[in-house]
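S.K.: My questions will all concern the structure given below.
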Amino acid sequence: MSGADGTAGRTAADGTAGRTRAAEETAGLAGAAGAAGDAAERAAERAREVVSRVVDPELPMLTLADLGVVRGVEADAAGAVTVSLTPTYSGCPALAEMRATVDARLREAGFADVRVRTVLDPPWTTDWITPAGRRALAEHGIAPPGPRPPGRGPVPLTLGPVRRAVPCPRCGSRATEEVARFSGTACRALRRCAECREPFEHLKEI
Amino acid sequence: MDDENAYQSLAAAGGDARWAFGTGFEDPLHGVDDAFPAGLDEAARADLATRCVTLGDDALVSAQRLAEWCTRAPELEVETALANIGLDLLGQARLLYSRAGRADGTGRGEDDFAYLRGPEEFRNVRLAELPNGDFAFSVARLLVLSSWRLGELAGLTSSPDPVLAAVAAKAVPELAYHREYAAGWAVRLGDGTEESRARMGRALGEVAPWLPELYAAAPAGREPVEEALALVASETGLAVPGAAPVPGSGRDGDHTGHLAPLLAELQSVARAHPGAVW
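The listed protein sequences derive, respectively, from chains A and W. Here our numbering is used: position 201 in the first sequence is 201, and no number is missing along the way. Here our numbering is used: position 160 in the second sequence is 1160, and no number is missing along the way.
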């Protein structure tokens, strides 16, 4: 969960700074700033723990952290939490569900002041899925995405019979073929294994 | 969730948990830092709003046509694919409309743009609004429009507006996938039976008169379109014939008679029950 790790030290960033200051003034004691910082860090730690357990509504074997959509969890000394999420696809209806679930779980855990932000940049790609997430997908019969083509710009259009070697998540055979470019959701394609004859889904590289 | 009655349990849920149906969705740019950079003056923000509306209109109208293939496509997998492509475009349209309402200072939301404007206020290119027709025509149109949009949005990833740049960066890989899907079908039909080949050839001819409108509206989209059509031609021998352009442009509010019925269907519930939430 690179986003959360990267922001671990920034507990009083942007909008939460005002609230932290207010908490310090209320304390009105020498060394209150340090104590507030510790309280903020403990709250952030606990909030991160709660958020890291929320699962994806479409791929419930993955937590939001595995999926790589949590870009940060911050808290201030008063316990106000700000979670930053990023959408997978522009039209993915699951983002609203994720936002609602994160909000609900944090409130259940005792956080009264919860804010869920949306971060669009840098855009999510399948490269954000963690190694643990990839293992969880494979264990549940969904072939994890391979590395995506380099570069953010438009790749030239190519047409070929077989461009992706996707091993079967059940038997490991590389003799698999694509059946449909889209499956139950926009993020998955449907494939078939020539060895074990089982159909399986592939989380496609994007 | 109550397994006995999914709708009932959805209705019982509050706020965002009701994402599965209805209106009154949260603003798609909810929680996004929506400040404008200091260098973007009023005139630049007006241009930005126009750009967002045109790109949003192209996407919304295309999404509606793609959704019309549900229950009518040649294969179940094609229905799923076209509906998913439409969903990507709908997602792009929602973000763009929200940004437009901020940039033009009116504070209009996505519903105002999608449901409360008449056909003369839409600025989509006319190719997007033409009826689906033959499956081959829908394939040819998807190939052209996704390549063209890809070219324009790739350029906009460096827009001075950080929100438009971010929306564009998200859209580029989606569009590349749509283009690849359409190209695959164009080759499959063009290189298939005598019948499918004849239909694919006819479809390319039907798309041709609308290309100049696209190139004038977004010159950056021209090269990707020509590249995609050249690739299909090299695989199948089917080239796009020259054709006289259709005068006018959807970007100026000129539309065919096909847009009004499309919008009438799209907007019927929102207009019959203004502001309804459930």
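Glycine is no exception: its CB is placed at the ideal position from the N, C-alpha and C atoms.
1) Comparing the C-beta of glycine 91 (chain A) with each C-beta of chain W, is any distance below 9 Å?
2) Which residues in chain A sit within 9 Å of glutamine 1283 (chain W), going by Cβ to Cβ distance?
3) If you measure from the beta carbon of arginine 1179 (chain W) to each beta carbon in chain A, is any gap under 9 Å?
4) In chain order, what residues of the same chain lie with their CB nearer than 6 Å to the CB of alanine 1128 (chain W), ignoring the 5 residues before and after it?
5) Would you give the residue range spanned by the alpha helix (DSSP H) that phenylalanine 1113 (chain W) belongs to?
6) Give me the residue from A:Ser52, A:Ala77, A:Met61 with the minimum Cα distance to alanine 35 (chain A).
7) Is the segment 1035–1055 of chain W touching the segment 1145–1164 of chain W in the sense that three or more CB pairs, one from each, lie closer than 8 Å?
8) Determine the chain W residues that contact valine 116 (chain A) at a beta-carbon separation under 7 Å, and present them in chain order.
9) Smallest Cα separation from aspartate 121 (chain A): which of W:Arg1072, W:Asp1047, W:Leu1029, W:Ala1067?
10) Do we get a CB-CB distance below 9 Å when we pair alanine 1136 (chain W) with the residues of chain A?
11) Is the Cβ of leucine 1055 (chain W) closer than 9 Å to any Cβ of chain A?
12) So with CB distances below 9 Å, who are the chain W contacts of phenylalanine 200 (chain A)?
13) Restricting to Cα atoms, I'd like to know which of W:Pro1247, W:Gly1155, W:Glu1174, W:Leu1266 is closest to alanine 1218 (chain W).
14) Measuring only the C-alpha atoms, how far is valine 1207 (chain W) from proline 1245 (chain W)?
15) Can you pull the chain A residues whose beta carbon is under 8 Å from the beta carbon of alanine 1081 (chain W), in chain order?
16) Which bits of chain W does threonine 125 (chain A) rub up against, with CB to CB less than 8 Å?
17) Using a C-beta cutoff of 9 Å, does aspartate 1254 (chain W) count as contacting chain A?
18) Go through its chain and collect everything with a Cβ distance to alanine 136 (chain A)'s Cβ below 8 Å, but skip five positions before and after it.
19) Determine, using beta carbons only, whether aspartate 76 (chain A) comes closer than 9 Å to chain W.
20) Ends of the beta strand (DSSP E) at alanine 189 (chain A)?
M.R.: From the atom records:
1) Indexing the first sequence from 1 puts residue 91 (chain A) at position 91. Glycine 91 (chain A) counts as touching chain W.
2) Chain W is shown only over 1001 to 1278; residue 1283 (chain W) falls outside these bounds and no answer can be derived.
3) To locate residue 1179 (chain W), count along the second sequence from 1; it is residue 179. For arginine 1179 (chain W), the answer is yes, since a Cβ of chain A falls inside 9 Å of its Cβ.
4) On the second sequence, position 128 is the one that residue 1128 (chain W) refers to. Around alanine 1128 (chain W): Asp1058, Val1061, Ser1062.
5) For the purposes of this step, residue 1113 (chain W) is identified with residue 113 of the second sequence, where counting begins at 1. First-last of the alpha helix (DSSP H) with phenylalanine 1113 (chain W): 1110–1115.
6) To locate residue 35 (chain A), count along the first sequence from 1; it is residue 35. The option with the nearest alpha carbon to alanine 35 (chain A) is A:Ala77.
7) yes
8) Translated into positions along the first sequence, residue 116 (chain A) becomes position 116. Under the 7 Å cutoff, chain W gives Gly1031.
9) Position 121 of the first sequence, counted from the first residue, corresponds to residue 121 (chain A). Ranking the options by Cα distance to aspartate 121 (chain A), first place goes to W:Leu1029.
10) Mapped onto the second sequence, residue 1136 (chain W) falls at position 136. Closer than 9 Å: no.
11) Looking up residue 1055 (chain W) in the second sequence gives position 55. Taking Cβ atoms only, chain A never reaches closer than 9 Å to leucine 1055 (chain W), which makes this a no.
12) Against the first sequence, residue 200 (chain A) aligns to sequence position 200. Within chain W, no residue comes near phenylalanine 200 (chain A); the closest Cβ sits about 15 Å away, beyond 9 Å.
13) Taking the second sequence and counting its residues from 1, the one referred to as residue 1218 (chain W) is at position 218. The shortest C-alpha separation from alanine 1218 (chain W) is found at W:Gly1155.
14) Numbered from its first residue, the second sequence carries residue 1207 (chain W) at position 207. Numbered from its first residue, the second sequence carries residue 1245 (chain W) at position 245. If I take the Cα positions, the gap works out to 10 Å.
15) Within the second sequence, the letter at position 81 stands for residue 1081 (chain W). By Cβ distance, chain A contributes Ala180, Arg181, Phe182.
16) By 1-based counting over the first sequence, the position of residue 125 (chain A) is 125. Residues of chain W passing the Cβ test: Pro1173.
17) For this step, residue 1254 (chain W) is matched to residue 254 along the second sequence. Not closer than 9 Å to any Cβ of chain A, the Cβ of aspartate 1254 (chain W) fails to qualify, so no.
18) By one-based count along the first sequence, residue 136 (chain A) stands at place 136. Excluding positions up to five away in sequence, the list reads Met61, Leu62, Asp66.
19) Within the first sequence, residue 76 (chain A) is the residue found at index 76, counting from 1. It does not: the Cβ of aspartate 76 (chain A) has no partner Cβ on chain W nearer than 9 Å.
20) Translated into the one-based positions of the first sequence, residue 189 (chain A) becomes position 189. Unbroken beta strand (DSSP E) run through alanine 189 (chain A): 188–193.
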